[in-house]
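Its first residue numbered 815, the sequence shown is counted upward by one per residue in this note's numbering.
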Amino acid sequence: VGTVSLVPAKQPNQAHRADVAKLQVHPVARKKGIARALMTTLEERARKDGKTLLCLDTNTGDAAEPLYQSMGYTLLGIVPEYSVPTTGGAPMRASFYYKVLRDRQ
């Protein structure tokens, strides 16, 4: 129904950081809280792994942007012409977000 990946940074000086990649929910299963549940589980895993900073990027205007914002991710900026659709078409902008993970009280 859905998937998301936690990708630890490979650089030795970034062992505290990971990227969020490929959050996807099947179209018929959307708007049911699955993406939020996946992201919550990912964040819990990141904390267990000692990660304190998560970073992600998404196509600007993507349906997931409000979710990221509601979960405390901060927009760092927008990069124009960041990606080109594999099916052709105009270059697309990408929004970059980050979240500093705090210990749960």
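Backbone N, C-alpha and C define an ideal beta-carbon position, used for all residues, glycine too.
Predicted, not measured: the structure shown is a model, and the values here were computed from it.
Sub-7 Å separation of residue i and residue j beta-carbons
{"i": "residue 970", "j": "residue 887", "result": "Past the boundaries of the shown model lies residue 970; the chain is included only from 815 to 919, so the question cannot be answered."}
{"i": "residue 877", "j": "residue 837", "result": "no"}
Through-space distance from residue j to residue i, alpha-carbon basis
{"i": "residue 852", "j": "residue 885", "result": "12 Å"}
{"i": "residue 902", "j": "residue 873", "result": "15 Å"}
{"i": "residue 854", "j": "residue 915", "result": "12 Å"}
{"i": "residue 900", "j": "residue 906", "result": "11 Å"}
{"i": "residue 841", "j": "residue 834", "result": "20 Å"}
{"i": "residue 919", "j": "residue 830", "result": "Residue placement at residue 919 cannot be trusted, given a pLDDT of 42 that sits under 50; what the coordinates show is reported in the next sentence. The alpha-carbon atoms of residue 919 and residue 830 are separated by roughly 20 Å."}
{"i": "residue 875", "j": "residue 827", "result": "32 Å"}
{"i": "residue 815", "j": "residue 845", "result": "12 Å"}
{"i": "residue 863", "j": "residue 823", "result": "12 Å"}
Residue i - partner residues in DSSP beta bridges
{"i": "residue 911", "result": "870, 889"}
{"i": "residue 816", "result": "839"}
{"i": "residue 833", "result": "821, 869"}
{"i": "residue 897", "result": "906"}
Where the alpha helix (DSSP H) containing residue i begins and where it ends
{"i": "residue 855", "result": "848-862"}
{"i": "residue 883", "result": "879-884"}
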